[in-house]
Amino acid sequence: MRIQFEIKERLPEIITEILTSNKWQSTVNEEQCGLKRVVIKDLMYDSKATIEIWENEIHIKIAWSNYTYRIFNQAHSVWCEYIGAYRGLLEQKLLPTLTPVKNILDTNVLDSSILGNKKEMLRNYSFVNLKVKQSRNEIYSKEHSKTFHKDDHPTIVYDEFIKEGIPVPSPYTMEE
19 MRIQFEIKER LPEIITEILT SNKWQSTVNE EQCGLKRVVI KDLMYDSKAT IEIWENEIHI
79 KIAWSNYTYR IFNQAHSVWC EYIGAYRGLL EQKLLPTLTP VKNILDTNVL DSSILGNKKE
139 MLRNYSFVNL KVKQSRNEIY SKEHSKTFHK DDHPTIVYDE FIKEGIPVPS PYTMEE
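Going by the numbering used here, the final residue of the sequence shown carries number 194, and the count climbs one at a time with no gaps.
(1) Taking ALA93 as the reference, give the member of ARG28, GLU70 and SER44 with the closest Cα.
(2) Per DSSP, TRP72 is paired with what?
(3) Would DSSP call THR34 helix, strand or coil?
(4) MET62: buried (16+ other C-beta within 10 angstroms of its C-beta) or exposed?
(5) What's the C-alpha gap between ALA67 and ASN91?
(6) Okay, do the segment 32 to 51 and the segment 119 to 129 touch, 3+ Cβ pairs below 8 Å being the bar?
(7) Can you name, in chain order, every residue of its own chain whose Cβ lies under 7 Å from the Cβ of LYS26, other than the five neighbours on each side?
(8) Going by Cα to Cα distance, which pick from ASP64, TRP72, GLU73 and SER95 is closest to ILE80?
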């Protein structure tokens, strides 16, 4: 799935958070010709993300899932492009704060493995995604005469993480 949405944060704020956050360990691996390559690691979960910081763009690739975020200037605003699974949208722990300007469920899915190039709002896409997943589970159950255990891969799309009318917060909460 690929979507683009406007965010409230500005590139300098995001870069500062990437380089100085206490939520992860940041290491600058390379710095040349307007490009800074950074690796951020969450030592508690042994996970990492690689980040390329350009003058007007930031690329984030999550190591475990290979989901990608491209944060870029467009006109007088900052946008985020996400390429990955629906259930992974903004759920990574190694992600700077990205607050959608508008309700993220009103964002158009630009392309996906389910819809192809057909444009559909994320709100509707989630229902289609759930139906496809349920259909796959039914076929699998019939073929393998197996029922899914409650600890298996989730059978419900994580809609509870994307609340109607509420900006999506950073996965970390600041304790004071």
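Heads up, the beta-carbon is just placed ideally off N, CA and C, and yes, glycines get one too.
Looking at the coordinates:
(1) ARG28
(2) In the DSSP output, where bridge partners are listed per residue, TRP72 has none listed.
(3) helix
(4) exposed
(5) 21 Å
(6) As far as the Cβ criterion goes, the segment 32 to 51 does not touch the segment 119 to 129, which means the pair count is below three.
(7) THR117 and VAL119
(8) ASP64
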